[in-house]
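According to the numbering used here, the residues represented by the sequence shown are 10 to 171, in order.
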Amino acid sequence: HAILLSGSSDTVCDLLGAKGKDILYIGDHIFGDILKSKKRQGWRTFLVIPELAQELHVWTDKSALFEELQSLDIFLAELYKHLDSSSNERPDISSIQRRIKKVTHDMDMCYGMMGSLFRSGSRQTLFASQVMRYADLYAASFINLLYYPFSYLFRAAHVLVS
Numbered sequence: 010h011a012i013l014l015s016g017s018s019d020t021v022c023d024l025l026g027a028k029g030k031d032i033l034y035i036g037d038h039i040f041g042d043i044l045k046s047k048k049r050q051g052w053r054t055f056l057v058i059p060e061l062a063q064e065l066h067v068w069t070d071k072s073a074l075f076e077e078l079q080s081l082d083i084f085l086a087e088l089y090k091h092l093d094s095s096s097n098e099r100p101d102i103s104s105i106q107r108r109i110k111k112v113t114h115d116m117d118m119c120y121g122m123m124g125s126l127f128r129s130g131s132r133q134t135l136f137a138s139q140v141m142r143y144a145d146l147y148a149a150s151f152i153n154l155l156y157y158p159f160s161y162l163f164r165a166a167h168v169l170v171s
């Protein structure tokens, strides 16, 4: 196991006798570090996102808001559950829409002036989708890796396309 702070990726592979997925590249720039190392060498990537600490703090402190938004989404889905394109029925969802808007606004206010790096309203930001697409791992600090053995196999959670 070795750590390299700068240099040519080709040289690193030659020196270590390693290929692609044998190397975990740690960087803090999604395109300059993560995308390039993945594309050029096929390295696994770890994106350091210091702002993630604040995001997780908000998620923990304001979990009731996130749960309420999820409940509202489920309730909304239930209203349409038995309707299809042949239905003339139009449920009145105005009160639910107002509540969703209020909860979303309350969530946004928790992040300060710049808002969430990962969420805009009830949707993922472009940055969040890029992190999910390009980084194999991500955390607020690379120090988190110290809690795992070098041989640990990190795997993504199984998620159905929504």
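The C-beta atom is built at its ideal place from N, Cα and C for all residues, glycine as well.
Residues bridged to Ser-129 (per DSSP): Ser-129 pairs with Arg-132.
Extent of the continuous beta strand (DSSP E) run through Leu-56: In the DSSP assignment, Leu-56 falls within the beta strand (DSSP E) that extends over 53-57.
Euclidean distance between Cα positions of Ile-109 and Thr-20: If you draw a straight line from the Cα of Ile-109 to the Cα of Thr-20, it comes to about 53 Å.
Counterpart residues of Tyr-147 in DSSP-defined beta bridges: Tyr-147 is bridged to Leu-56.
Paired residues, beta bridge with Ile-35 - DSSP: For Ile-35, DSSP records a beta bridge to Phe-55.
Cα-Cα separation between Gln-79 and Arg-142, rounded to whole angstroms: Roughly 24 Å separates the two Cα atoms.
Residue of Leu-154, Val-140, Ala-149 minimising C-alpha distance to Pro-59: Considering only alpha carbons, the answer is Ala-149.
Status (buried if at least 16 other CB within 10 Å, exposed otherwise) for Ala-62: Its Cβ having fewer than 16 others within 10 Å, Ala-62 is exposed.
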